[in-house]
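J.: Numbering (the UniProt record's numbering), first residue to last: 1 to 546. Quick reminder that beta carbons are idealized off the backbone N, C-alpha and C, glycines included.
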Amino acid sequence: MQNREAESSFSRLTPVDQYLTTSLFNERKKDYPTGVIHELFEAQVRKNPEAVAVAYRDQEITYGQLDQAANQLANYLIEQGVKPESFVGISVNRSLETMVSVLATLKAGAAYIPIEPSFPPDLVEFMVSDSSPAAIITSNEHAPKFGKTGAKLIKLDDEVEAIKMQSTDKPNVEITESRVAYGIYTSGSTGKRKAALIEHKSIVNQCHAWHDAYQITEKDGVLQTASFSFDVFTGDWTRTLAAGAKLVLNPYNLILSPDDSKTGEELYHLMRDNGVTVAEFTPPVLRKLMRYARNAGESLGFMRLIIVGADSWYMNEHRELVEFTKGQSRIVDSYGMTEATVDSTYYEGYGTENDGDVSLIGKPFMNTEIFILDDKGNIVPVGEKGELCVAGPGLTRGYLNRPDLNAERFDEVVFPDGSAKRIYRSGDLARFRDDGNLEFFGRMDNQVELGAIRVELGEIEGVIQKHPAVQENSVIVIEDEDHNKEVVCFMVINPGQSMTDEELREFLSDKLPKYMCPSQIHILDSMPLTTAGKIDRKTLTSLIKK
1 MQNREAESSF
11 SRLTPVDQYL
21 TTSLFNERKK
31 DYPTGVIHEL
41 FEAQVRKNPE
51 AVAVAYRDQE
61 ITYGQLDQAA
71 NQLANYLIEQ
81 GVKPESFVGI
91 SVNRSLETMV
101 SVLATLKAGA
111 AYIPIEPSFP
121 PDLVEFMVSD
131 SSPAAIITSN
141 EHAPKFGKTG
151 AKLIKLDDEV
161 EAIKMQSTDK
171 PNVEITESRV
181 AYGIYTSGST
191 GKRKAALIEH
201 KSIVNQCHAW
211 HDAYQITEKD
221 GVLQTASFSF
231 DVFTGDWTRT
241 LAAGAKLVLN
251 PYNLILSPDD
261 SKTGEELYHL
271 MRDNGVTVAE
281 FTPPVLRKLM
291 RYARNAGESL
301 GFMRLIIVGA
311 DSWYMNEHRE
321 LVEFTKGQSR
331 IVDSYGMTEA
341 TVDSTYYEGY
351 GTENDGDVSL
361 IGKPFMNTEI
371 FILDDKGNIV
381 PVGEKGELCV
391 AGPGLTRGYL
401 NRPDLNAERF
411 DEVVFPDGSA
421 KRIYRSGDLA
431 RFRDDGNLEF
441 FGRMDNQVEL
451 GAIRVELGEI
461 EGVIQKHPAV
471 QENSVIVIED
481 EDHNKEVVCF
491 MVINPGQSMT
501 DEELREFLSD
511 KLPKYMCPSQ
521 IHILDSMPLT
531 TAGKIDRKTL
541 TSLIKK
């Protein structure tokens, strides 16, 4: 919590604005059942064990089979020393084993930490050192990456027979709703990542809120496209398996393909072949899909629900999608953050409320409250821009091993009666419209979204600065007319030294994920500065345009 006087956060508001911001715009409340997240899946196992739970390429696993496989692995984890409240790292190729590993970790009473196999060694070592997992579920293929960590490895391909010897009964472990379910490492402004810890009660509440908003049923096929290390992956599997629907895992290399036409075509046929009716896309991926469908004369009318989130999506694009689907699909724009359990608000409409480029992110999900604050911590009047702050049961426990960031990012709003609510300060700029919809204006700081993953440019700069030839550097993101984003680095080299683009890329290859590595590198004699003595990013952007 930030240190400021416990005075009302509503001092700037008229009675009308106070009513709008505390009641009318934040009135969506509902008492949901509590519990732990995997119990929602287990309820569907009892209801329809023969239904397909997960599909990947030409493989399928039913709810009953998935439950038994997860129970066996959970019992094996416990036998190997995994205790309740501990962390288990998961680093496997996208497959049916991914979901078996996730559910097994939860059933063992532990929390899972996604570690993408593609992550560079330095990042993997930091994550393992920071979280101190009791074990890491991996394979022979990826085990060498953990060699220096000293962590206990459970290699599924080596231990398959030992796991099969375990009981298919659910482990007898007491798990409460206040325990951590998973931890997601997000980008940090100092170059140091931090893990947001999400408790069972938070993801269970959000799962019920998604059900009310999206109405996913056992008849749906839900496409899963996000990286395992991104919290949307957890959002996809929980709202799918809690509803008895089929989760269709998409080959992640398809999403990352630089060939737009190939991505769009293969994604389209994957969806048609697997009976997909619901999917959440990042804008860049959806643009590829729409481009293919339009050029091929295909329709997206088979989609019952299309969700767009995790990056900027403009109203002209929303209207274009509504027109393209001819009213046959529900179109929803979602907005959220890891620290508030994936999603906080959503917009569903025709996109006619705003004619400009400003994104509408709609209204809060059930049990979520949104407050817009100024730089002094006061709630601003309706129509005024400020920092978007989130309150409600979706708020994470906080960051692992980062009391400094917990104090900085988690604050409170104080009501006129002296009561207070815990909030998360998102760092995003937004405002309430008169109709209760939120307009989103982007980041207030130096954090951006790349490929659906929120990244601090400072993290990229911090790694580049470690190169001995670099005197100083600045990283920006540029966007073309199709809203595709590109990382660009400007640097000043130390006197008497030199460096080529290839040398820098080689230096970064084992330190940063590929999507964070600059695609353009510009060497300058000096950095342009503002009158305040800060690097002038606008001037840097203009240098590219020239």
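1. To which residues of the same chain is G386 closer than 6 Å at the C-beta, ignoring the five residues directly before and after it?
2. Rounded to the nearest angstrom, what separates S178 and N205 at their Cα positions?
3. Is the beta carbon of N48 sitting closer than 8 Å to the one on Y63?
4. In three-state terms, what does DSSP make of Y63?
5. Have a look at I361 and R433 and give me their C-alpha separation to the nearest angstrom.
6. In this structure, what does DSSP give as the bridge partners for A430?
7. Quickly, what does DSSP pair N473 with across the bridge? List them, please.
8. Would you please state the rounded distance, in angstroms, between the beta carbons of P284 and V308? I believe it to be under 8 Å.
9. On the three-state DSSP scale, how would you describe A108?
10. Using DSSP with H/G/I as helix, E/B as strand and the rest coil, what is F230?
11. Can we say the segment 141-150 touches the segment 207-218, given the rule of at least three CB pairs closer than 8 Å?
12. Between D411 and R425, how many whole angstroms is the CB-CB distance? I'm expecting something under 8 Å.
13. Who pairs with K194 in a beta bridge, going by DSSP?
14. Could you please give me the residues that DSSP links to T338 through a beta bridge?
15. Within the segment 98-150, note down every full alpha helix (DSSP H) run reaching 4 residues or more, in order along the chain.
16. Classify H467: buried if its beta carbon has 16 or more other beta carbons within 10 angstroms, exposed otherwise.
17. Express the C-alpha separation of A111 and T105 in angstroms, rounding to a whole number.
18. Give the list of continuous alpha helix (DSSP H) stretches no shorter than 4 residues that lie fully inside the segment 275-301.
19. Counting pairs of beta carbons, one from the segment 262-269 and one from the segment 288-295, are three or more of them closer than 8 Å?
20. According to DSSP, is S509 part of a helix, a strand, or is it coil?
21. Work out the CA separation of E141 and R28 for me, nearest whole Å.
22. Measure the alpha-carbon distance for V332 versus G349 and round it to whole angstroms.
23. Could you tell me which of P120, I175, S299, W237 sits nearest to P84, measuring between CA atoms?
24. Could you check what DSSP says for R425 in three-state terms: helix, strand or coil?
25. Please go through the same chain and pick out, in chain order, the residues whose beta-carbon is closer than 7 Å to the beta-carbon of D17, but skip the five residues on each side of it.
26. Which residue marks the beginning of the beta strand (DSSP E) containing P403, and which one marks its end?
27. Hey, how far is the Cα of G81 from the Cα of A245?
28. So, under 8 Å CB-CB, I535 and S474 are touching, yes? Tell me the CB distance rounded to an integer number of Å.
29. DSSP state of A243, grouped into three classes?
T.: This is what the structure holds:
1. I372, L373, D374, V380
2. 12 Å
3. yes
4. helix
5. 11 Å
6. G386, F440
7. N473 pairs with M491.
8. Their Cβ separation, rounded to whole angstroms, is 11 Å, which puts P284 and V308 out of contact at 8 Å.
9. coil
10. In the three-state scheme derived from DSSP, where H, G and I count as helix and E and B as strand, F230 is classed as coil.
11. no
12. By a beta-carbon distance limit of 8 Å, D411 contacts R425. Their separation comes to about 6 Å.
13. T186
14. Partner(s): none; T338 has no beta bridge.
15. 121-131
16. buried
17. For T105 and A111, the distance between alpha carbons rounds to 6 Å.
18. 283-296
19. yes
20. coil
21. 48 Å
22. For V332 and G349, the distance between alpha carbons rounds to 8 Å.
23. Of the listed residues, the one whose Cα sits closest to P84 is I175.
24. It is a strand residue.
25. P381, V382
26. Note, P403: premise wrong, no beta strand (DSSP E); alpha helix (DSSP H) at 403-409.
27. 33 Å
28. 5 Å
29. coil
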